[in-house]
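Asks: Chains as they are written, first to last, in the UniProt record's numbering: chain E, 1 to 210; chain Z, 1 to 210; chain C, 1 to 210; chain W, 1 to 210.
For each residue, glycine too, the CB sits at the ideal point set by N, CA and C.
There are 4 protein chains.
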Amino acid sequence: MGRSRTNPAPTAPVTARGRRTRDALLAAGRELLEARGWAGFTPEQVAQAAGVSYGTFYTYFESKDDLLRAVVRAVAEELFTESLVGPDAAGDPYARIVEANRGYLKAWRGASRVLRLVEQGADTDDTLRQMLLEVRELYVHRGAEGLRRLQEAGLANPELDPRLTAIVLGAMVEQMAHVIYSLREPLDEDEVVNHMSKLWAAAIGLRPQA
Amino acid sequence: MGRSRTNPAPTAPVTARGRRTRDALLAAGRELLEARGWAGFTPEQVAQAAGVSYGTFYTYFESKDDLLRAVVRAVAEELFTESLVGPDAAGDPYARIVEANRGYLKAWRGASRVLRLVEQGADTDDTLRQMLLEVRELYVHRGAEGLRRLQEAGLANPELDPRLTAIVLGAMVEQMAHVIYSLREPLDEDEVVNHMSKLWAAAIGLRPQA
Amino acid sequence: MGRSRTNPAPTAPVTARGRRTRDALLAAGRELLEARGWAGFTPEQVAQAAGVSYGTFYTYFESKDDLLRAVVRAVAEELFTESLVGPDAAGDPYARIVEANRGYLKAWRGASRVLRLVEQGADTDDTLRQMLLEVRELYVHRGAEGLRRLQEAGLANPELDPRLTAIVLGAMVEQMAHVIYSLREPLDEDEVVNHMSKLWAAAIGLRPQA
Amino acid sequence: MGRSRTNPAPTAPVTARGRRTRDALLAAGRELLEARGWAGFTPEQVAQAAGVSYGTFYTYFESKDDLLRAVVRAVAEELFTESLVGPDAAGDPYARIVEANRGYLKAWRGASRVLRLVEQGADTDDTLRQMLLEVRELYVHRGAEGLRRLQEAGLANPELDPRLTAIVLGAMVEQMAHVIYSLREPLDEDEVVNHMSKLWAAAIGLRPQA
DNA sequence: GATGAATGAGTTTTCATTCAT
DNA sequence: CATGAATGAAAACTCATTCAT
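1. At a CB distance below 9 Å, what residues from the stretch 152-175 of chain W approach chain C? Give them in sequence order.
2. With distances taken from CA atoms, which of Z:Thr-59, Z:Asp-161, Z:Glu-159, Z:Val-179 is nearest Ala-24 (chain Z)?
3. Glu-174 (chain W) to Ala-156 (chain W), Cα distance in whole Å?
4. Go to Thr-127 (chain E), then tell me how far its alpha helix (DSSP H) extends in each direction, as first and last residue.
5. Just to confirm before moving on: does the CB-CB distance between Ser-112 (chain Z) and His-178 (chain Z) stay below 8 Å?
6. Shorter than 8 Å from the beta carbon of Val-179 (chain Z) to some beta carbon of chain E?
7. With three or more beta-carbon pairs closer than 8 Å as the criterion, would you say the stretch 18-34 of chain C touches the stretch 61-72 of chain C?
8. Let me know if Thr-15 (chain E) comes out buried or exposed under the rule of 16 or more other beta-carbons within 10 Å of its beta-carbon.
9. How many whole angstroms separate the CB atoms of Pro-93 (chain E) and Leu-150 (chain E), which I take to be in contact at a CB cut-off of 8 Å?
10. Is there contact between the stretch 94-114 of chain C and the stretch 95-112 of chain W, where contact requires at least three CB pairs shorter than 8 Å?
11. Name, please, each residue of chain E whose Cβ falls closer than 8 Å to the Cβ of Leu-117 (chain Z).
12. Mind listing the chain C neighbours of Leu-79 (chain W)? Cutoff is C-beta to C-beta under 7 Å, in chain order.
13. Express the C-alpha separation of Leu-183 (chain Z) and Ala-35 (chain C) in angstroms, rounding to a whole number.
14. Once you ignore the five residues that flank Thr-127 (chain C) on each side, which residues in its own chain have a CB closer than 8 Å to its CB?
15. At the 8 Å Cβ level, is Met-131 (chain E) part of the contact set with chain Z, yes or no?
16. Helix, strand or coil: which one does DSSP assign to Asn-157 (chain Z)?
17. When burial is assigned at 16 or more other CB atoms within 10 Å of the CB, is Arg-22 (chain C) buried or exposed?
18. Assuming His-195 (chain Z) is part of the alpha helix (DSSP H), what are its boundary residues?
19. At which residues does the alpha helix (DSSP H) containing Tyr-181 (chain W) begin and terminate?
20. Which ranges does the alpha helix (DSSP H) cover as unbroken runs of at least 4 residues, wholly within the stretch 57-127 of chain C, from first to last along the chain?
21. Give the DSSP-derived three-state secondary structure of Arg-207 (chain E) in the structure shown.
22. For Thr-11 (chain E), does the three-state DSSP call read helix, strand or coil?
23. Going along the chain, which residues of the stretch 180-207 of chain C sit with their C-beta nearer than 9 Å to a C-beta in chain W?
24. Express the C-alpha separation of Leu-132 (chain W) and Glu-119 (chain W) in angstroms, rounding to a whole number.
25. Ala-47 (chain C): which of C:Gly-205, C:Gly-40, C:Phe-57, C:Pro-162 sits nearest, CA to CA?
26. With a cut-off of 8 Å on the beta carbons, I'd call Leu-117 (chain W) and Trp-38 (chain W) a contact; round off their distance for me.
27. Report the residue from C:Ala-153, C:Val-140, C:Asn-194 whose alpha carbon sits nearest the alpha carbon of Val-168 (chain W).
28. Apply the 10 Å Cβ neighbour rule to Gln-130 (chain C) and answer buried if 16 or more other Cβ atoms are within range, or exposed otherwise.
29. Tell me whether Ala-100 (chain W) is buried or exposed, calling it buried when 16 or more other Cβ atoms sit within 10 Å of its Cβ.
30. Kindly indicate which three-state DSSP category Val-52 (chain C) falls into: helix, strand or coil?
31. Taking 7 Å as the cut-off, is the C-beta of Pro-158 (chain Z) nearer than that to any heavy atom in the ligand SAM?
32. According to the neighbour-count rule (16 or more other Cβ atoms, all chains shown, within 10 Å of its Cβ), is Leu-158 (chain E) buried or exposed?
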């Protein structure tokens with residue numbers, strides 16, 4: 001930690017084999033983090049889970065923190081991608097809310113554990129903090145835009161501040177993902193999606209279309 | 001020489017001085033945990049923050065984990081106590097919701113950071129896991145009871161399952177406490193309370209009294 | 001962050017270098033234990049005596065106790081091996097007793113200090129206690145068998161219970177090893193062997209062959 | 001340890017109450033040492049077992065080692081006293097050997113554990129080493145004198161060196177005490193005494209009187 | 001004196017990182 | 001590049017002894 005570094009800084013792998021090894025380490029790191037939290041996230045365990053030797057870890061990652069950043073980057077990208085899938089649900093606004101909630105919940109399922117761990121451990125790392133903020137902002141922005149459209153269409157309570165509402169309702173979904181997937185409260189996922197959607201719809205004063 | 005626990009387990013302090021020292025260590029532990037997360041939570045730093053020498057830590061706590069359990073216990077008790085203050089708000093159900101939300105938010109303000117840290121770090125400690133579950137259950141139970149009363153009084157949507165609703169809306173409040181106090185999203189606390197209350201009231205279909 | 005064993009248990013060394021290092025630590029541990037008792041038996045001193053750095057100790061041993069078990073195992077194996085050498089002394093039963101006693105004394109020479117230290121420190125460790133019992137039992141069993149054969153050949157007092165006699169005479173030899181090698185009573189080893197053999201022979205009523 | 005000592009050196013207690021407290025500490029120390037080995041021999045546990053407060057320990061003993069010396073002194077004195085009881089057995093030399101062995105075994109019963117612990121732990125303390133040597137010497141001397149008298153009376157093999165014989169047979173008894181009382185080999189005490197005596201008598205060529 | 005709290009040096013253990021082969 | 005051993009600073013814990021009341 002903080003030694004003067006005589007090791008060559010890892011470079012992007014050039015061969016296919018190198019890429020595979022790097023990917024394996026990245027995947028192993030993420031899985032361990034999700035499955036066992038910080039306790040499982042050591043260079044040695046990651047290397048072992050990836051099926052390579054201990055020293056190889058440092059061929060591909062500068063440090064443990066370097067891997068952590070890579071994991072968070074991967075999780076964030078996945079969140080962006082997955083959450084784009086949702087909106088193609090057509091027509092009925094309530095059905096869209098249900099779909100959106102289902103999508104959000106699913107997206108957070110994979111991300112929640114990692115992001116929470118990082119939120120706590122990232123006291124010092126600005127890169128990480130930045131990533132977390134960007135993920136949050138993306139979600140808030142999307143939620144706010146969706147609400148604004150409903151309001152403009154006269155389908156939702158026009159008095160609600162879109163951004164604040166998106167923050168609050170987003171908080172609800174995120175925390176429920178945590179409750180279901182990490183705390184393992186024995187709840188049926190579909191039931192939760194439906195219930196959240198009902199509450200959400202009522203909260204924004206969703207008016208059934210004609 | 002052969003292993004075996006030799007040191008007697010720390011006992012409760014007998015003198016006033018001892019009680020003060022133990023309290024100081026407990027308070028210091030909690031403050032460090034809140035302020036700096038796991039990084040600040042070492043016996044050495046705790047002892048230093050409490051103004052006592054290194055070894056004194058082990059006069060009162062069996063281990064680092066022992067202090068952690070004591071901190072969580074303290075936080076949990078505070079949550080219980082603070083959250084009892086709310087319900088004396090009279091009359092108007094909406095005013096009561098506002099008061100409850102303000103109370104919850106305030107209560108979580110102190111508890112949130114610690115509880116989240118512990119949620120992540122408590123993979124192995126059953127005592128801790130149990131405490132966390134109890135705290136959650138208390139909140140869920142109270143919320144569900146409150147809703148049931150409103151339903152029985154014909155003031156809220158009778159179709160909502162009280163427990164599930166309490167879980168979801170409780171999730172909203174808890175996560176908002178985190179957003180405001182830990183992530184430091186620049187939001188006005190009163191505004192958030194009002195907004196959450198409005199959404200909450202709409203969500204449960206609160207009917208204005210006569 | 002949350003507790004839980006994170007470090008993988010040390011595995012057997014894979015390379016020759018690793019084997020050498022492990023052997024050096026084991027040897028150093030044994031030597032220190034014999035030379036300085038518990039006081040010299042610290043991971044730090046062992047590592048230093050083995051000429052490796054502090055942390056290397058834990059590359060090969062899980063803990064101080066783990067090394068202790070390994071040392072006892074080594075001592076026990078040596079005892080087994082060395083004590084097998086004796087019996088090939090031919091013909092004359094008395095000559096065989098002398099050889100056996102010389103062999104036992106020599107075998108205990110290396111083992112005595114370590115086994116006694118462990119006997120005291122092994123209050124809690126069942127693995128250790130088991131090893132000690134096995135070593136004792138081996139010796140008692142061999143002694144009893146030897147006596148039984150002499151009795152069957154009509155060369156020793158047939159009224160003596162073989163097992164009890166072996167225990168008592170074995171006790172004599174073991175303690176004499178301690179007296180000579182640890183307490184450093186200034187006695188000539190050969191003289192002791194001869195004397196013990198004479199007493200032993202008389203005790204079991206050894207009859208000179210024809 | 002090795003600090004500059006501002007504490008008043010403990011003085012011999014003057015009041016009866018003081019004497020009682022000191023005795024209680026001494027007794028507790030010995031009992032813990034016998035029952036739990038070094039693991040139980042801490043100032044705190046000793047004080048607790050003696051029913052006084054922690055700090056009081058240092059009112060009566062300068063240090064842990066100081067108590068240890070006192071315990072060994074007590075054990076040694078008891079050995080001296082108890083072993084004097086034996087010789088009044090009259091007449092028959094074999095009966096006297098039986099009585100002596102019974103007495104030795106009984107005497108070592110209390111002493112064995114403590115003396116062995118000290119033998120291992122007393123690497124540095126010359127006072128302790130000296131005490132141990134004196135105890136040993138007393139026993140060897142007595143045994144040798146007994147044998148010499150038998151030889152002079154024509155009742156034992158005159159070729160045996162008295163001192164060496166006493167050392168060897170004494171070793172047998174001492175180790176048997178350890179085997180029975182500490183290792184808890186399930187042996188009947190009387191049977192052992194008889195068997196040892198038989199072997200001992202045969203070993204020295206004891207001739208039945210007339 | 002007696003009490004129980006306080007001390008801090010010493011010991012054990014951990015683990016991210018570096019190095020020799 | 002890959003491997004597995006080596007490193008050592010930092011963290012956790014112990015406990016004989018001293019001190020304030």
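Replies: The relevant details are as follows:
1. Asn-157, Glu-159, Leu-160, Asp-161, Leu-164, Thr-165, Ile-167, Val-168, Leu-169, Gly-170, Ala-171, Met-172, Val-173, Glu-174, Gln-175
2. Z:Thr-59
3. 22 Å
4. 126-152
5. yes
6. yes
7. yes
8. exposed
9. 6 Å
10. no
11. Gln-120
12. By Cβ distance, chain C contributes nothing, its closest Cβ being about 17 Å from Leu-79 (chain W), past 7 Å.
13. 60 Å
14. Arg-69
15. no
16. coil
17. buried
18. 189-203
19. Segment: none, Tyr-181 (chain W) is in no alpha helix (DSSP H) and carries neither H nor E.
20. 57-60, 64-85, 93-121
21. coil
22. coil
23. Ser-182, Leu-183, Glu-185, Leu-187, Glu-191, Val-192, His-195, Met-196, Lys-198, Leu-199, Trp-200, Ala-201, Ala-202, Ala-203, Ile-204, Gly-205
24. 8 Å
25. C:Phe-57
26. 6 Å
27. C:Asn-194
28. exposed
29. buried
30. coil
31. With respect to small molecules bound, the structure shown includes none, and the ligand SAM cannot be examined in it.
32. This sequence places Pro at residue 158 (chain E); Leu is not what is there. The residue is exposed, with fewer than 16 neighbouring Cβ atoms inside 10 Å.
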